Amino acid sequence: EVQLVESGGGLVQPGGSLRLSCTTSGFTFSSYTMTWVRQVPGQGLESVSGISGGAKTIYYTDSVRGRFTVSRDNSKNTLYLQMNSLRVEDTAVYYCAKGRPQDQGFDSWGQGTLVSVSS
Amino acid sequence: DIQLTQSPSFLSASVGDRVTITCRASQGIRNYLAWYQQQPEKAPKLLIYATSTLQSGVPSRFSGSGSGTEFTLTISSLQPEDFATYYCQQLSSYPRTFGQGTTVEI
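Protein chains in written order, with my numbering: chain E, 552 to 670; chain B, 3 to 108.
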């Protein structure tokens with residue numbers, strides 16, 4: 552059974568940093584693109600950052616580029632999101648999601664971790 | 003970035019109704035279109051990928067169609083567990099953008 556478990560969320564002041572982790576099991580982690588998706592409570596979904604299985608392809612949405620860094624440790628089956636210079640507008644539930652082959656959807660999701668940026 | 007526009011944003015329906023949600027892309031995305039269902043306080047669930055392929059375990063009352071820039075999700079006979087928010091997503095280019103969502107209410 553595929554499992555994705557996020558951790559590392561919490562309350563942080565504007566300008567602060569957090570590191571999210573997504574621990575996975577039940578599939579060959581290194582073979583799949585992984586993505587961080589966030590959702591402001593009550594609002595829609597936004598793809599924040601993605602990383603291919605071998606980490607050769609990485610992307611960021613414009614609003615986080617230069618502040619967030621995605622990485623993965625294939626030996627630990629774990630995905631990371633280092634978030635620096637956090638802003639109030641980064642407040643959201645952050646999900647990690649596993650990509651299907653050939654970039655056809657995200658077929659497994661974690662339960663999400665809440666990041667709150669507030670003074 | 004490719005923009006996706008869903009219509010309607012809200013839909014009131016009854017059990018047994020046939021429901022259709024439309025997703026329009028700001029440019030062609032070939033068949034790189036997926037649909038998700040999200041229940042309150044839950045993670046999204048993949049329903050359909052590659053425009054029309056049903057994800058394993060998803061009931062056959064869900065179907066998808068379309069090409070180029072216009073796509074549809076159809077629920078042939080709405081069931082109580084289908085009242086949720088539905089999102090389309092394009093995977094043709096980065097970032098993998100989502101539509102704004104369609105909430106199906108009783």
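Cβ coordinates follow ideal geometry from the N, Cα and C atoms, glycine included. None of the values given here were measured: they were computed from a predicted structure.
Shown here, E:D613 sits in coil according to DSSP, grouped into three states, outside any helix or strand.
Between the C-alpha atoms of B:S69 and E:R616 there is a straight-line separation of about 31 Å. Three or more Cβ pairs closer than 8 Å define a contact, and the region 651 to 660 of chain E falls short of that threshold against the region 620 to 638 of chain E. At a beta-carbon threshold of 7 Å, the residues of chain B lying near E:L596 are P46, Y89, F100, ordered along the chain. Interface residue (Cβ-Cβ distance to chain E less than 8 Å): B:P61 is not classified as such. The count of Cβ pairs closer than 8 Å, one atom from the region 557 to 576 of chain E and one from the region 594 to 614 of chain E, stays below three, leaving the stretches out of contact. By the rule that beta-carbons nearer than 8 Å mark a contact, B:L93 touches chain E. Residue state for B:S9 is assigned as strand, using DSSP reduced to three classes.
In the displayed model, E:Q564 falls within coil according to three-state DSSP, outside both helix and strand. Within the region 597 to 617 of chain E, contact with chain B at the beta-carbon level (separation under 9 Å) is assigned to E597, S598, V599, S600, G601, T608, Y610, Y611, T612, D613. Neighbours of B:A36 across chain E, judged by C-beta separation under 8 Å: Q655, G656, F657.
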